[in-house]
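Residue numbering for the sequence shown is 100 to 276, as defined by this note's numbering. Where a beta carbon is used, it is the ideal one built from N, C-alpha and C, also for glycine. Note that this is a predicted model, so its numbers are computed, not measured.
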Amino acid sequence: MKILSSIFSFLFIALFLSQGVAQQSQVITGPFLVREGVTFDQNTDEPITGVVQTYYEHGQLATIENYKDGRRDGVSEVFYYENGNWKRRGNYKAGMRDGLQEKFYQNGQLQIKEIFIDGQKNGLREEFHSNGQLRSRQKYKDGKRDGFLEKYSGLGQFLSKQCFQNDIKADVSACTP
């Protein structure tokens, strides 16, 4: 009897938790209204929570975005309509970019890779040529360029190096440890 009671308790808890997860990842449809950066369900006037998917006219998936309390929160993906490749994808927290952000060329090659913290660039930002070769590399701190900006040709050859401190171009010696 004790085993049967434990099984029912486990099943009840699992069912309860799965309902919470299902509600969090529920696909929601519009129409939506945006006021002061918050997205509302136009029918209920409540901030939306769940997954919003949009489609191109021919039916292909265009975007998948997670929302919590009317703001993007979690993974956001935007697709090119012709080939289904990503256009961009990134993470959001409370409506602000937070974590890895990536932008792609239409051919699927990575174009930009950068890190955000609370809506500001923080860390390494890399930009690539459409052939996949590194175009530039720059570090950011609190949304401002900080350190060397390195530039490369489409063949991967080093072109130039500039120094930035607090988003202002500085003498190269200022960036050398």
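- Message: So GLY263 and GLY242 are supposed to be a Cβ contact under 8 Å. How far apart are they, rounded?
- Response: Inspection of the sequence shows that residue 263 is occupied by Phe rather than by Gly. Not really, about 12 Å apart at Cβ, beyond 8 Å.
- Message: Whole angstroms are fine: how far does the CA of ARG187 sit from the CA of LYS250?
- Response: 23 Å
- Mapping DSSP to helix, strand and coil, what is SER235? strand
- Query: Which residues in the same chain as GLN125 place their Cβ atom closer than 6 Å to its Cβ, once the five residues preceding and following it in sequence are excluded?
  - Reply: GLY149
- Query: To the nearest angstrom, how far is it from the Cα of ASP197 to the Cα of ASN190?
  - Reply: 5 Å
- Query: Under a three-way DSSP split, which group does SER272 fall into?
  - Reply: helix
- GLN232: which of PHE257, GLY222, ILE147 sits nearest, CA to CA? PHE257
- May I ask you to list the residues that DSSP assigns as paired with THR153? THR162
- Which two residues bound the contiguous beta strand (DSSP E) that contains LEU254? First-last for LEU254: undefined, no H or E at that position.
- Considering ASP172, what are the terminal residues of the beta strand (DSSP E) in which it resides? 170-178
- Query: By Cβ distance, which residues of its chain are closer than 7 Å to PHE115, with the 5 residues on each side in sequence left out?
  - Reply: Confidence is the limiting factor: at PHE115 the pLDDT is only 38, short of 50, which leaves the residue's position unreliable, though a coordinate-based value still follows. Correct list: empty, nothing qualifies.
- Query: Mind checking whether PHE178 and ALA161 have CB atoms under 8 Å apart?
  - Reply: yes
- Assign GLY169 to buried or exposed, taking buried as 16 or more other Cβ atoms, counted over all protein chains shown, within 10 Å of its Cβ. buried
- Query: In whole angstroms, what is the alpha-carbon distance linking PHE203 and ILE211?
  - Reply: 7 Å
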